[in-house]
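Trainee: Residue numbers (our numbering): 116 to 330.
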Amino acid sequence: MLGTIINALAVISGSSLGLLMRRSIGEDLKGKLLSVIGLFTLYLGADMMLRADKPLGLIIGLLLGTYIGHIMKLDERLERLSNIREKSADGLLVPFLTFCIGPMTVIGSLRDGMGDPSIILAKSVMDGFSSIAFASAFGFSVLLSAIPLLLFQGSLSLLGRFIGNSLPLSALGEMTAAGGIILLGLALRILGIKRMNVADMLPSLLIAPLISQFL
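1) Do the segment 228 to 246 and the segment 116 to 129 meet, that is, are 3 or more Cβ pairs less than 8 Å apart?
2) Check whether the segment 297 to 307 touches the segment 181 to 193, counting contact only when three or more Cβ pairs, one atom from each stretch, lie closer than 8 Å.
3) If Val313 and Gly300 are in contact, beta carbons under 8 Å, what's the gap, nearest whole angstrom?
4) Following the continuous alpha helix (DSSP H) through Lys145, name the residue where it begins and the one where it ends.
5) Helix, strand or coil, according to DSSP, for Asn312 in the structure here?
6) Short check: CB of Ile247 to CB of Gly146, under 8 Å?
7) Establish whether the CB of Leu299 and some CB of chain B are separated by less than 8 Å.
8) Measure how close the beta-carbons of Arg276 and Met219 come, nearest whole angstrom, since I'm counting them as under 8 Å.
9) Would you report the Cα separation of Leu154 and Ala302, rounded to the nearest angstrom?
10) Buried or exposed for Met316, please, with buried defined as at least 16 other CB atoms from any protein chain shown within 10 angstroms of its CB.
11) Note down the Cα distance separating Val209 from Ile174, rounded to an integer number of angstroms.
12) Quick check on the burial criterion: 16 or more other C-beta atoms within 10 angstroms. Buried or exposed for Ile326?
13) Which two residues bound the contiguous alpha helix (DSSP H) that contains Met290?
14) Could you compute how far the alpha carbon of Pro170 sits from the alpha carbon of Gly176?
15) Run the CB neighbour count on Met136, radius 10 Å, all protein chains shown included, and call it buried at 16 or more, exposed below.
16) Tell me the rounded alpha-carbon separation between Ser139 and Arg166.
17) Can you tell me which of the three DSSP states Pro218 falls into?
18) Looking at the secondary structure, which residues open and close the alpha helix (DSSP H) in which Ser256 lies?
19) On a Cα-Cα basis, can you pick out the residue from Ile297, Gln328, Leu320 that is closest to Asp205?
20) Measuring CA to CA, which of Pro318, Arg195, Ala237 is closest to Tyr182?
21) Taking a contact to mean a Cβ-Cβ separation below 8 Å, would you say Met116 touches Asp231 in this structure?
22) Here's a check: name, in chain order, each residue in its chain whose Cβ is nearer than 6 Å to the Cβ of Leu157, leaving out the five neighbours to either side.
23) Can you give the Cα-Cα distance for Ala252 and Leu287, rounded to whole angstroms?
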């Protein structure tokens, strides 16, 4: 888990620097930065969405995962958590999903657990720089995104440590595609087009690749 710990520290360091820069940034520039982040999230989601090999498993996984997230009230709980520090949960969701959704995260975390942190270390550099921009736009809650990052990637690292060599990587496309669709919903939210409860969709990241194995 060495790579994951370093990754979380990189996000904390970058976020701290971004918070210092935030004080000298006007509201007009903050709005422009949010628009750029929204457009980038839209691009990233569209690119990842096309990775699905089994669309039927993807849609079933998204529907079932969203239902589970709704029952668990994930979006409501995240809003309550973020409102302790900031009015919006976007500062938690945007960095976490951007940092933790994609092949580099999944494969890198699994490899980290198997004793090879090289992929996650490279990712840490990118996440550190990205968190500077995120914190400049969103504020303190970006710093908190290091916590779910540590939990998510740490869980994958532990998985890789014990059964990494026997995990089927064929489900990676469905996990990536599900993450892409979640990012598209998040982009609509950032750009002010439609406020979607994307946190409720997070269980789809596990359900979609699982269902795809049986189709």
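Every residue, glycine too, gets a C-beta built ideally from N, C-alpha and C.
Mentor: Result, derived from the coordinates:
1) yes
2) Not touching, per the Cβ criterion.
3) 5 Å
4) For Lys145, the uninterrupted alpha helix (DSSP H) segment begins and ends at 142 to 164.
5) coil
6) no
7) No chain B is present in this structure, which holds just one protein chain.
8) In fact, because the Cβ distance is near 19 Å, the residues do not count as touching under 8 Å.
9) Across the structure, Leu154 and Ala302 are spaced so that their CA atoms are roughly 7 Å apart.
10) buried
11) Taking the straight line joining both Cα atoms gives about 22 Å.
12) buried
13) Residues 287 to 305.
14) Each residue's Cα considered, the two are about 10 Å apart.
15) Counting C-beta atoms within 10 angstroms of its own C-beta, Met136 has fewer than 16 neighbours from the protein chains shown and is therefore classed as exposed.
16) Cα to Cα, the separation comes out at about 40 Å.
17) Three-state result, Pro218: helix.
18) 256 to 259
19) Ile297
20) Pro318
21) No, Cβ-Cβ distance for Met116 and Asp231 is not below 8 Å.
22) Answer for Leu157: Ala302, listed in chain order.
23) 31 Å
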